[in-house]
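Okay, so here's the structure we're looking at.
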Amino acid sequence: MTQQVPTAGETNVASGEPLVRMAGVNKHFGDLHVLRDIDLEVAKGEVVVVLGPSGSGKSTLCRTINRLETYETGTITIDGEALPEEGAELAKLRADVGMVFQSFNLFAHKTILQNVTLGPIKVRKMSKADAEAHAMELLKRVGVEAQAEKYPAQLSGGQQQRVAIARSLAMKPKVMLFDEPTSALDPEMINEVLDVMAGLAKDGMTMIVVTHEMGFARRAADRVVFMADGQILEQQAPDEFFANPTSARAKDFLSKIL
Ligand code: ADP
Ligand code: MG
Numbered sequence: 001m002t003q004q005v006p007t008a009g010e011t012n013v014a015s016g017e018p019l020v021r022m023a024g025v026n027k028h029f030g031d032l033h034v035l036r037d038i039d040l041e042v043a044k045g046e047v048v049v050v051l052g053p054s055g056s057g058k059s060t061l062c063r064t065i066n067r068l069e070t071y072e073t074g075t076i077t078i079d080g081e082a083l084p085e086e087g088a089e090l091a092k093l094r095a096d097v098g099m100v101f102q103s104f105n106l107f108a109h110k111t112i113l114q115n116v117t118l119g120p121i122k123v124r125k126m127s128k129a130d131a132e133a134h135a136m137e138l139l140k141r142v143g144v145e146a147q148a149e150k151y152p153a154q155l156s157g158g159q160q161q162r163v164a165i166a167r168s169l170a171m172k173p174k175v176m177l178f179d180e181p182t183s184a185l186d187p188e189m190i191n192e193v194l195d196v197m198a199g200l201a202k203d204g205m206t207m208i209v210v211t212h213e214m215g216f217a218r219r220a221a222d223r224v225v226f227m228a229d230g231q232i233l234e235q236q237a238p239d240e241f242f243a244n245p246t247s248a249r250a251k252d253f254l255s256k257i258l
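Sequential numbering from 1 applies to the sequence shown in UniProt numbering.
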């Protein structure tokens, strides 16, 4: 958590321009209308925290941006380009759009260092030496450089999640998606992960973060997006949202968690 290395990859859009743009996006799972007319723009360098009750479509929203899910109508662009359908372009998209899940999903039979260098070598075509040097900088940045030669199972959950963040960063993503990254962690490990995320936010990484950590939303978010039943019901600055939620669903949600 000491070293400052650039984390975000080069983009086409200027600072303050939308890096992620969703317009009129609809998706069903069978009869379930899980994303309803989603319009969402996230500017380069912006940190958006997505809040909402369980089942409201937050994970599906993230997965759609990463094209882990398809959608039926609407458009999504990342850095001015439409989401690709398949093939090599999809691998590049997944590199440009980093994603950190609740479960850490590290490769169990690879060392921490190998976990972080694999993508850059395979997808970004970096040399092993360059990938390792960059990986060590990132592991230092998230505070786990001493664990580089260990295997995931030898690390705590908080350490593993920080490695998962470093692994995404190693691809020099344009935007990072976090889907409840601390929900599976023991309480004493939550802050070490949130601190890494807050550091990234401060350094200008564009981020979409689904979380129930309201303290993080207050301190790191530029904007809070509140979802319920597949719809975005509110979008406003965190202070404004927490002080004056306008929808009944948001008021109800906040009354249960605050
Ligand atoms: P959240 O992350 O806000 O809890 P999700 O995006 O995971 O919400 O899920 C939204 C709704 O879609 C829920 O009702 C969930 O059960 C349903 N759902 C999610 N994934 C699938 C799937 N692969 N197939 C069918 N239904 C799904
Ligand atoms: Mg979810």
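Every residue, glycine too, gets a C-beta built ideally from N, C-alpha and C.
Fair warning: this is a prediction, and the values are worked out from it, not measured in the lab.
When the Cα atoms are used, V47 and E192 turn out to be separated by approximately 19 Å.
In terms of Cβ geometry, F101 and E188 do not form a close pair [threshold 9 Å].
In this structure, DSSP gives T64 a helical state, which the three-state scheme calls helix. Selection G158, Q161 and L40 evaluated against G74 yields L40 as nearest (Cα-Cα).
In this structure, ligand 1 has no non-hydrogen atom nearer than 8 Å to the beta-carbon of V225. Annotation: Q235 to A248 spans about 14 Å, alpha carbon to alpha carbon. Under DSSP, A23 takes part in a beta bridge, and its partners are T75.
Annotation: T211 is outside any alpha helix (DSSP H) and is labelled neither H nor E by DSSP. In this structure I257 is exposed. Its beta-carbon is surrounded by fewer than 16 other beta-carbon atoms within 10 angstroms. By the neighbour-count criterion, in which 16 or more other beta carbons inside 10 Å mark a residue as buried, H212 falls on the exposed side. Between the C-alpha atoms of L93 and T64 there is a straight-line separation of about 12 Å. The Cβ atoms of P53 and F107 lie no closer than 9 Å to each other. For A8, the closest of N66, D79 and M22 by C-alpha to C-alpha distance is D79.
Here the alpha carbons of G230 and M171 stand approximately 30 Å from one another. Proximity annotation: ligand 1 has residues F29, V34, S54, G55, S56, G57, K58, S59 and T60 in chain order, each selected because its CB is closer than 5 Å to a heavy atom of the ligand. As computed with DSSP, I190 is found in no beta bridge at all. With respect to the 9 Å criterion, T117 and A135 are classified as neighbours on the basis of their beta carbons.
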